[in-house]
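Protein chains in written order, with the UniProt record's numbering: chain A, 1 to 238; chain B, 1 to 238; chain C, 1 to 463; chain D, 1 to 426; chain E, 1 to 295; chain F, 1 to 295.
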Amino acid sequence: MNDMNTTQHTSQQYNHELEEARSKLMTMGGLVESQVTNAIKALLDRDSALGEKVAYSDHEINAMEIMLDEHCAEIIARRQPAASDLRLLITIIKVITDLERIGDEAEKVGRYAVEMAETPTYGDLHNALRHLGEHVKVMLSDTLDVLGRLDVAQAMQVVRNDQQVDEEFDSITRQLYTRMLEDPRNIKDSLNVTWCARSLERVGDHCKNICEYVIYLVKGKDVRHTNIESIRETLLGE
Amino acid sequence: MNDMNTTQHTSQQYNHELEEARSKLMTMGGLVESQVTNAIKALLDRDSALGEKVAYSDHEINAMEIMLDEHCAEIIARRQPAASDLRLLITIIKVITDLERIGDEAEKVGRYAVEMAETPTYGDLHNALRHLGEHVKVMLSDTLDVLGRLDVAQAMQVVRNDQQVDEEFDSITRQLYTRMLEDPRNIKDSLNVTWCARSLERVGDHCKNICEYVIYLVKGKDVRHTNIESIRETLLGE
Amino acid sequence: MSTLGILLTLTVLAAFSYYIGRKRSLALATPVKRGGNDLHSLPSYYGYLVVIWAIIPALLVFALWSSLEKPLLTSSMMSHLPAEYQSKSADELSLTTNRILNMAKDPTQLATAEPVFKAAAEDYQQMQSTSQTIKTLLVLALAIAGVFIGLRHVKPKTRARNQVERVLQFIMIGCASIAILTTVGIVFSVLFESYRFFGQVPATDFLFGTHWSPQTALRADQAGSSGSFGAIPLFVGTLLISAIALLIAVPLGLMSAIYLSEYAGPKLRAYAKPAMEILAGIPTVVYGFFAALTVAPFIRELGESIGLSVASESALAAGVVMGIMIIPFMSSLSDDVINAVPQAMRDGSYGMGATKSETIKQVILPAALPGIVGAFLLAASRAIGETMIVVMAAGLAANLTINPLEAVTTVTVQIVTLLTGDQEFDSAKTLAAFALGLSLFIVTLILNVVALHIVRKYREQYD
Amino acid sequence: MSTTTERVKATLGKRYAREKRFRFYGLASIALSILFLVILLADIIGKGYPAFTSTYIKLDVQLDAQTLGVTADSTPEQLRTANYNAVIQNSLNTLIPGVTERKEKKALKDLVSGDAKYELQRMVADDPTLIGTNQSVWVLADDDIDTYYKGNIDRTLPESDRRIKDFQLVWLDKLEADGRIESQFNSIFFTRGDSREPEEAGILSALIGSFYTLLVTLALSFPIGVAAALYLEEFAPKNNFWVDLIEVNINNLAAVPSIVFGLLGLAVFIQLFGVPRSAPLVGGLVLTLMTLPTIIIAARAALRAVPPSIREGALGIGASKTQTVFQNVLPLAMPGILTGTIIGMAQALGETAPLLMIGMIAFIMDVPSSVTSPSTVLPVQIYLWSDSPERAFVERTSAAIMVLLTFLVSMNLLAVILRKRFERRW
Amino acid sequence: MTEATIDMTTTALPKTNTVTSGGREEFAHTISGTIGKPYLDGKDAKFFCRGVNVFYAGEKQAIFDVNMDIGKNEVIAMIGPSGCGKSTFLRCLNRMNDTIPGCRVTGDLKLDGEDIHDREQDPVLLRARVGMVFQKPNPFPKSIYDNVAYGPRLHGLAANRSELDEIVESSLRKAGLFNEVKDRLQAPGTGLSGGQQQRLCIARTIAVSPEVILMDEPTSALDPIATATIEELIDELRASFTICIVTHSMQQAARISQRTAYFHLGYLVELNDTKTVFTNPQHQLTENYITGRFG
Amino acid sequence: MTEATIDMTTTALPKTNTVTSGGREEFAHTISGTIGKPYLDGKDAKFFCRGVNVFYAGEKQAIFDVNMDIGKNEVIAMIGPSGCGKSTFLRCLNRMNDTIPGCRVTGDLKLDGEDIHDREQDPVLLRARVGMVFQKPNPFPKSIYDNVAYGPRLHGLAANRSELDEIVESSLRKAGLFNEVKDRLQAPGTGLSGGQQQRLCIARTIAVSPEVILMDEPTSALDPIATATIEELIDELRASFTICIVTHSMQQAARISQRTAYFHLGYLVELNDTKTVFTNPQHQLTENYITGRFG
């Protein structure tokens, strides 16, 4: 976290306010990460208690989102930030939306985990889900790293990873489809698993978004909705 | 659109810039609305051409998002807005993210529409889908109204409507589940329909988010993650 | 034509040349868009340009001619006098010259004059009228030629404004230089005569002698040999009177200034300030009268009533009145200086809870100190150079004393005494006045330069 | 908090006492200064106001042709030289009969001023037909009589200590009883030149002399002063040796004792250039040099008070330096310059010492006719009179001072009004 | 409050914005009492102002019925257009208005419960307790040391030289100037840069240990860098002093204050948490001023 | 550019931020040439400045090797800390530096291809083409009408009274002042409010139909409301004039200019689109200044 101390303003108060915004962001990120981890754990371990805990913890993240939003708005109103400070605040405003949505997805997964706690087995799906979950967890943790260190190279890596998550998700849906066809009794479970996978995939999407914002923050260039190659070109080919 | 002319700054240029941001926002909203409408139409009419068009038009919305983001950042950097102006800009920054995601959902629906164009019939689902689609379309159009007129009462209405959309979505999933159980051959279609319904439901969620932002803009109070009753209380019970 | 006539004609010519110069420029101009034209300068500048051509050379010649006319004509006239007159001493020669010149001016004298002088005077009259005619013709011709030359310069491309402005600037430089000329004049006149004085009386005697009695030099045929010109008593007398004056003026003036600028309400200020100004505007001769006829007798009587013997022209009387005279001077200088201290500084001090007198004593006065010192020095210079009060109220006898109740004399008194009445320009007595003038000038010069330097440095600090 | 408050409170009493004392010193200084002014003015006015009246004696004169030795047909030259003295003598003899002693006879004749015969002369010259008639004429009394009637000779003093002897007092009492003595406005004071006789002395020639002198001074010093100030303040290069020299010179000249200027005038104007002595021209030249620094300094201050933003504004529009200065700066500075000029002129009007040096100290009876005719000026006149022992001259000196002060005060008032009227705060 | 709230609701909504277009005077009638949080619970109030009116010579009223509390250890900023009376009000708080002839103050103005404008109240004592820093840095023409020592000497706050040294050093330290000037305490204070001069003036004020420091546009004569330093200093001083600052720049008010008072035509229109004033002002006049809608 | 870019990349990344903490002087060595877009294609350049150096008396150099183009109809703002040379550079553009004794300008400075500092170039003519508005409103103490008519009269721009009337009216209109003063054109210009005075000065400048208007901190003496009006006016004037403005307030630069030049210690560090300067400055020094990191 100390890595994030970029502020050398004449105004210590300003430094402090920006620092606070960033540290709150990291706290929120940590909270979101633990929610996601717990949700995945609950899902894979069929731990309905954990799932319930996840589902009931979402409000903390929501509260943090509102608080951070207000904090950023206040800084903008009081400090008239420009250049990198402004980009930082706008990025935070954007990032927290995504973090909150990741929290929402975790909550959903948590709910499904409760619902599916009774399901005896997912068969192959368990592995696939675990794989996807691991992947998403790594991605999320990388994303938080990116946020903490504002590391553009890593951010690009995360953006790239999102494609893999998408592919894994596709493969899971195909497996699920097959599974449903095999035995209609599986349909309900499979649907639930699908939703979970979908949520995890969306977590990956959000991570990608966050990394794109970080690239904007550091580079001052908006790289959203651009493919990875042109991003690299943009950043290196100047 | 003329309703939105709230700016009476000494600086005409500032007025103009804010006005431009708002009008671009409305343009983007209009674009998103037509994408959603077209996507639903393509889905219901099995119009693969239209579906494809929707899928390929998403980049316009993406481009607008980036442009608006930059525009707002520029205004903040150059004008140091405060109070309602600042809330407006932050709201726009938030809203466009949601609009863009609505666009994404429309794109997805468009893709599914192409895929499902060959499906002979959805049976009852057609109605249910149409119903959901109508509902979402109305909700979106109301949301754009809310954006245009900054009408808090209507915004609360939209927030309330989101619950209905959620319920409808639940009912559709139940129907689909039944349908899949009935005939495993329907599974693929049903899954697709599920995804579409899911997307539409998410459009509703985004609309709700947008309306919450508008309430924040007008009232200066953040009402996210609060239930509708407490919102009403907050706004009226002062 | 008389001098006045020439000047009037030139004025008329100037008006005329302005008119045609301006007109001509407009005639030559080519209009361009928006009411403008291709003239380099505004038309009036072309008018002024022609005026300059017409007037300046003519005026220069006129001035030169007029200043040289008299000496040249006189020497020419004198050279025509018979040799016997020319061989006389310089003094007598100049006397003769004056007589002849007076005759030339006054027909009644001319009628009764001796033939030799009459001839000379008539000769002079003749030459003078010829000279006048030539001068008139030359000046007018030059002026008219100037008009034509000026008109030839009227072209759209001529930088009329720049040229006119350059001429103006030269005129202004000339005017400013008069200050230097004045100083040079003072220094030269005083130095030159003093040099002659020190040729007769050694400088050391003058500067360190303690006995002053220039009257002895009046005795005929003894030019400058035996008079005593020891100026020390004068210097001491001057210092004594000045010291008394400053002792009165400085505290009163300074405190008045402080009270007026810091304490007095607008009402008191509205009355007290003009009163002070009146005190400052009263001519020194009035103070002298007051000192001689009112204060001196009063002091003497006062002294007598308490058993002191006071001279009727005591240093005290002159000093006191001079002090009164300097009060407003000191007070207005101090007032300026105190007002130059920024209000912000007062606010700062009040804002910390200082009382008014604390603010004045600890902030304003220290801040204004250099200015006040400068004011003091200027007041001293003024006291030393003051003439009329001491001429009228102080004595003539050069006593070497520092008793304020006795009569002393001052440098200025002696200058006036030596230079009024009958004078001979070569006598040591007359020249001594210039030597005294020189010392006075040097002392006041030093005081002034130092004071002005201090004041200027002080002003710069708050500008 | 409490420590500060208490410690401050502890010092307050002493501090306020000091404050009061200080304030008192200031007020006392002002009071004293003003007291001096009041005493001075009261003294002058007290001494001077009687001079505005003169004592007149009414004589019944017989303008008989025989005594006068002229007739109504005589030439003006003859009328001028007629024996008016005898007429007056006769008339006095009639009034106070029985004066035989030589000394008393002379005293009787001296009851009236020497001006009396000129009074008759003027009457007759105006109207020759008066010859042969009896006229009742108010003639000027002698200055001693005048002084007596103004109460400045104490009857109670021993006879030897006063200028009017007992027998004269008897005459005067008689004349007064006859209503033949009266105090009238002293118009002579304003219409005549200097005179050895106090009762005939006036200030007109000095006034006119002052007027010419000031005229010369103004005509020279104003344009030169303004031009010099403009150059120094607006055009002169900064940090230039010559300009600095000029500046030092001007500031120094302002403080050089005036008498030194007199020396300059004497040595340079009179001896070197041969300008006529005692003339307003040379006086004006000397005073010009004296007032120039005052005017230049005032003009520079006025110019400096015009904010630089005005110059920048004009320059920024494309006015040349000269245009800027003459069109924008000078008009704004003009009230200040005029104020300075008036004050300079007032100084010049009151200046005495340098004029003594250039011989304007002469005894001038005639009103000067031009700037080159010999003349004196008012302050010098005051100086001259103040040296005269007669009580009547003291009176007249004070009166002349009052006239001079009136002029000075009006000029200063004009300056003040000008300053107030056009004062501009930037 | 209800009235004000309604006003806010209607005008903040764009629909009714035809109303807002008329310029600021249109809202003048809506100034009835101060919106926001003008009062503290009372226990923490340093200054207690009720119904304060200020008149200048000729009965021109400059301040109308101002009510506010000023808390301990807070920075309260006063903003508003030129001539709104913010400076006049500030100068009431330590009776600097006394130095303006013809200026009259009415109403209840209390410092720690003592009436400020009471006859018994000594302005010298008051000003020792309520220090003031001015627009233009105005160090005395003395050494840096003597500048700071001026107040303590004046009020006899130091018993001996070493105590005085201590006061001077600690004041300079608090003003963040000690390190910059410690080697030249005997150099004249006027030789410092503008920003340093202003900090010297603050040090000078602190040296008397006042309870409150009033600042009248303390940075308007300084460049942005010096301004930032002073703002930073103000933030640090808040720990020990109550600070009231009048500023031209609303951004500055936003940056440094906890509460912001908006004055308009002599009225205190709104006094609220700075955050609220700048993100969500309660009165339309405040909103207009903050957002640059001046009519 | 390459070097600069590398610099930006490394310093903008927080990882390397130990480098940024040292204060601004540390970057002075990185000023080598101007970053951003100092040059226009040339066709639209009104001013063409290459290698401009300014020395004050005593060879103190105030401006070092400044290169920039100033385009037609653009508002270019110059910002930077006090003493950075921005005003000095501005005053080169119409040779107002001539009025400072000992000031010497070298390098290539062209207005429409004509050398500004050429001996042949008449500064009077130049200043008619390049008008200037100053920090303190400085209307002449004449009537409003005469203030505006001053320039046209000076340069003989009006053939007769009605033409002059027309110029005066249109200038006042352009300066947005006509409606406020049309009933009192003969009233003295000094009687207007500060903001009106400054607009009068602008009208006066416009009346000569200059091609360029230089403004030296035109609002630093005005309150926020008057400032906003002037800023609005500047924006309108852009249609007809090239405007170079020096400003103390970077926010103002941000609001009104198309391009912004950042000066530092006499160097032109960065000249870029205003948007870029304020959202994504290219040089670390600019970034530090813009974001309030002054070292």
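We put the CB at the ideal spot given by N, CA and C, even for glycine.
Can you pull the chain C neighbours of Ser33(D), defined as C-beta to C-beta under 7 Å? For Ser33(D), the chain C residues whose Cβ falls inside 7 Å of its Cβ are Leu252, Ser256, Met276, Leu279 and Ile327, in order along the chain.
Taking the Cβ atom as the reference point for each residue, do residue 301(F) and Ala113(B) lie within a distance shorter than 7 Å? Residue 301(F) falls outside the range modelled here, since chain F spans only 1 to 295, and no answer is possible.
From what residue to what residue does the alpha helix (DSSP H) around Arg161(E) run? Run containing Arg161(E): Arg161 to Lys174, per the alpha helix (DSSP H) assignment.
Own chain residues within Cβ distance below 8 Å of Ile256(F), not counting five before or after: These residues qualify, in order along the chain: Val75, Ala77, Glu231, Ile234, Asp235 and Ile245.
Round the Cβ separation of Leu315(D) and Thr322(D) to the nearest angstrom and send it over; I've been treating them as touching at under 8 Å. With 8 Å as the limit, Leu315(D) and Thr322(D) do not qualify as a contact, their Cβ atoms being about 11 Å apart.
So Ser57(A) contacts chain E; which residues on that side make the cut at Cβ distance below 8 Å? Neighbours of Ser57(A) in chain E, taken as residues at a C-beta separation under 8 Å, are lacking, since the least C-beta distance is about 29 Å.
Measuring only the C-alpha atoms, how far is Ser21(F) from Val269(F)? Confidence in Ser21(F) is poor, its pLDDT being 33 and thus under 50, which makes the residue's placement unreliable; the coordinate value appears in the next sentence. Distance between the alpha carbons of Ser21(F) and Val269(F) is about 19 Å.
The segment 205-220 of chain F contacting the segment 237-254 of chain F, beta-carbon criterion three pairs below 8 Å: Contact between the segment 205-220 of chain F and the segment 237-254 of chain F is present: 3 or more CB-CB pairs across the two stretches fall below 8 Å.
Would you please verify whether the beta carbon of Ile61(B) is less than 7 Å from any beta carbon of chain A? No, Ile61(B) lies away from the interface with chain A (no Cβ there is under 7 Å from its Cβ).
Judging by CA-CA distance, which residue of Asn90(D), Ser113(D), Ala254(D) and Val416(D) is the nearest neighbour of Ile278(C)? For the options Asn90(D), Ser113(D), Ala254(D) and Val416(D), the alpha carbon positioned closest to that of Ile278(C) is the one of Val416(D).
Are the C-beta atoms of Val124(E) and some chain C residue less than 7 Å apart? So yes, Val124(E) belongs to the interface.
Amino acids of chain E, ordered along the chain, whose beta-carbon sits closer than 8 Å to that of His248(F): Near His248(F) (Cβ distances below 8 Å), the residues of chain E are Asp223 and Pro224.
Asn186(D) in three-state terms, based on DSSP: Coil at Asn186(D), not helix or strand.
Under 9 Å Cβ-Cβ, which residues of chain C neighbour Met123(D)? Near Met123(D) there are no residues of chain C at all, since even the closest Cβ is about 30 Å away, more than 9 Å.
List the residues of chain A that residue 296(E) touches, going by C-beta distances under 9 Å, in chain order. It is not possible to answer for residue 296(E), since the shown part of chain E is limited to 1 through 295.
Any chance the segment 199-211 of chain A sits against the segment 131-145 of chain A, with 3 or more Cβ pairs inside 8 Å? Segment contact: the segment 199-211 of chain A against the segment 131-145 of chain A, three or more CB-CB distances shorter than 8 Å; contact assigned.
Leu93(E) to Ala368(C), Cα distance in whole Å? Approximately 30 Å, taken between the alpha carbons.
CB contact below 7 Å: Leu168(C) versus chain F: Closer than 7 Å to the CB of Leu168(C) there is not a single CB belonging to chain F.
Would you mind telling me which residues of chain D sit closer than 7 Å to Tyr458(C), beta carbon to beta carbon, in chain order? Chain D residues near Tyr458(C): none, gap ~14 Å exceeds 7 Å.
Short CB-CB distance (under 7 Å) between Arg184(E) and chain B: Cβ-Cβ to chain B under 7 Å: no for Arg184(E).
Which residues in the same chain as Ile131(D) place their Cβ atom closer than 8 Å to its Cβ, once the five residues preceding and following it in sequence are excluded? Beyond the five residues adjoining it in sequence on each side, Ile131(D) comes within less than 8 Å, by CB distance, of Leu63, Asp64, Ala65, Leu68, Val70, Thr71, Ala72 and Val124 in the same chain, given in chain order.
Under three-state DSSP, which class holds Gly283(D)? If DSSP states are grouped into helix, strand and coil, Gly283(D) belongs with the helices.
Taking Cβ positions, are Ala393(C) and Gly288(C) nearer each other than 7 Å? Yes, these two residues count as a Cβ contact at 7 Å.
Spatially closest choice to Leu90(F) from Leu125(F), Val130(F) and Val124(F), by CA coordinates: Closest by alpha carbon: Val130(F).
Residues, ordered as in the chain, of the segment 73-107 of chain E that lie near chain F by beta-carbon distance below 8 Å: When CB distances to chain F are screened at a threshold of 8 Å, the residues of the segment 73-107 of chain E falling below it are Pro81 and Ser82, in chain order.
Going along the chain, which residues of its own chain have a beta-carbon closer than 7 Å to the beta-carbon of Asp205(C), five neighbours each way excluded? Excluding residues within five positions, the ones whose Cβ falls inside 7 Å are Phe229 and Gly230.
So, helix, strand or coil for Asp69(F), using DSSP? Looking at Asp69(F) - three-state DSSP - the assignment turns out to be strand.
7 Å is my cut-off, CB to CB: does Pro141(F) come that close to chain D? Judged by the 7 Å Cβ criterion, Pro141(F) is in contact with chain D.
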